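**Student:** Below are the structure tokens for one structure; questions will follow.
Residue numbers (this note's numbering): 35 to 281.
What follows is the structure, encoded as structure tokens:
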């Protein structure tokens, strides 16, 4: 565990309410989350616990009904949709369960597309994209289309795309769910390595208990509230955690 003590994302008293004629639905009920640079945090909980809604808010896709969010020290309060999108492009990288690669583009072009959205110059984008693919061990597959990549390779391209442009926060949504055990472990080992960068925080939303050995911290969410927080034992190689706080 190599965290720098720098908070890359801070969420306080986050609520989300969806209003409908049948009655209000409240998937988040006052959630507090800190993501520290140099750490991989696991967010775990049953289906319907609020994980997906929380991830969307932390990634500046949804706005909370109440509460505050700061990403890379920048508060989201008062930002319009364009401002939220700009913050997301510059400071948040996403890794998806279904990869979300553009099938007509090569691996390199998929990463370059993310760099373009983040404002990289046309002259710099090819080198930066190749550098990101090299960081995930896939520079030799740079000119291959997604249809010719394995599931594990597609997820590594997805991670390279998330890394491109050096965002402050990486948010991974069930990154091992579509992978077999061997590729799942390889992807988690890669994300754990990515998280060692003390300029970046990594959050992995997961149901997969095989990911436990790779986390520095674990947050459990149930019924829209944080149920517990735990930190990995420094001497543990098996994903054993010590409880910090229980609801």
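We put the beta carbon where it would ideally sit given N, CA and C, even for glycine. Just so we're clear, the structure is a prediction, and the values are computed from it rather than from any experiment.
1. For residue 192, which residues from the same chain have a beta carbon less than 6 Å from its beta carbon, with the 5 sequence-adjacent residues on both sides left out?
2. Mind reading off the beta-carbon distance from residue 194 to residue 170? Whole number of angstroms is fine, and I expect it under 8 Å.
3. Might you give, ordered along the chain, the residues of its own chain that have their beta carbon closer than 6 Å to the beta carbon of residue 110, omitting 5 neighbours on each side?
4. On a Cα-Cα basis, can you pick out the residue from 266, 258 and 264 that is closest to residue 86?
5. Confirm, please, whether the CB-CB distance from residue 50 to residue 113 is below 8 Å.
6. To the nearest angstrom, how far is the alpha carbon of residue 216 from that of residue 236?
7. Excluding the five sequence neighbours on either side, which residues of its own chain have a C-beta within less than 8 Å of the C-beta of residue 47, listed in chain order?
8. Assign residue 75 to buried or exposed, taking buried as 16 or more other Cβ atoms, counted over all protein chains shown, within 10 Å of its Cβ.
9. Please report the residue range of the beta strand (DSSP E) in which residue 61 lies.
10. In whole angstroms, what is the alpha-carbon distance linking residue 253 and residue 212?
11. Would residue 73 pass as a contact of residue 233 if the rule is Cβ separation under 8 Å?
12. Exposed or buried, what is residue 241 when buried is set at 16 or more other beta-carbons lying within 10 Å of its beta-carbon?
13. Let me know the secondary structure DSSP gives residue 133 once reduced to three states.
14. Use the C-beta contact count for residue 182: other C-beta atoms within 10 angstroms, 16 or more gives buried, fewer gives exposed.
15. In the DSSP output, what is residue 256 paired with across the bridge?
16. What are the residues that DSSP puts in a beta bridge with residue 44?
17. Based on the DSSP output, what are the partners of residue 182 in its beta bridges?
18. For the beta strand (DSSP E) containing residue 207, list its first residue and its last residue.
19. Within the same chain, show all residues whose beta-carbon is closer than 7 Å to that of residue 149, passing over the 5 residues directly before and after it, in chain order.
20. Of the residues 210, 278, 168 and 268, which one's Cα is nearest the Cα of residue 185?
21. Applying the criterion that 16 or more other CB atoms from any shown protein chain within 10 Å of the CB defines a buried residue, is residue 239 buried or exposed?
22. Report, in whole angstroms, the separation of the C-beta atoms of residue 203 and residue 145, which I expect to be a contact under 8 Å.
23. Is residue 277 buried or exposed, if buried means 16 or more other CB atoms sit within 10 Å of its CB?
24. Taking C-alpha atoms, which residue in 147, 245, 138 and 120 lies nearest to residue 207?
**Tutor:** In brief:
1. Excluding residues within five positions, the ones whose Cβ falls inside 6 Å are 129 and 133.
2. Yes, residue 194 and residue 170 are in contact; Cβ-Cβ is about 5 Å, under 8 Å.
3. Result list for residue 110: 103, in chain order.
4. The candidate whose alpha carbon is nearest that of residue 86 is 258.
5. No, the Cβ-Cβ distance between residue 113 and residue 50 is not below 8 Å.
6. If you take the alpha carbons of residue 216 and residue 236, they lie about 21 Å apart.
7. Sequence-distant partners of residue 47 (beyond 5 residues in either direction) whose C-beta falls short of 8 Å from its own C-beta, in its chain, are 64, 65, 66, 100, 101 and 102.
8. Of the residues assessed, residue 75 falls on the buried side of the cut-off, its CB having 16 or more other CB atoms within 10 angstroms.
9. Here the beta strand (DSSP E) through residue 61 covers 59-70.
10. Computed Cα separation, rounded: 22 Å.
11. The Cβ atoms of residue 73 and residue 233 do not sit closer than 8 Å to each other.
12. Here residue 241 is exposed. Its C-beta has fewer than 16 other C-beta atoms within 10 Å.
13. Note: residue 133 maps to coil in three-state DSSP.
14. Under a 10 Å Cβ-count criterion, residue 182 is classified as exposed, with fewer than 16 other Cβ atoms of the shown protein chains found around its own Cβ.
15. BP columns for residue 256 point to 259.
16. Its beta-bridge partners are 68 and 104.
17. None; residue 182 has no bridge partner.
18. Residues 203-207.
19. Excluding positions up to five away in sequence, the list reads 159, 162, 163, 198 and 199.
20. Residue 210 is the option with its Cα nearest to residue 185.
21. Around the CB of residue 239, 16 or more other CB atoms lie within 10 Å, so the residue is classed as buried.
22. Contact doesn't hold; Cβ gap of about 18 Å is too wide.
23. Exposed is the label assigned to residue 277, since fewer than 16 other Cβ atoms lie within 10 Å of its Cβ.
24. Nearest of 147, 245, 138 and 120 to residue 207, Cα basis: 245.
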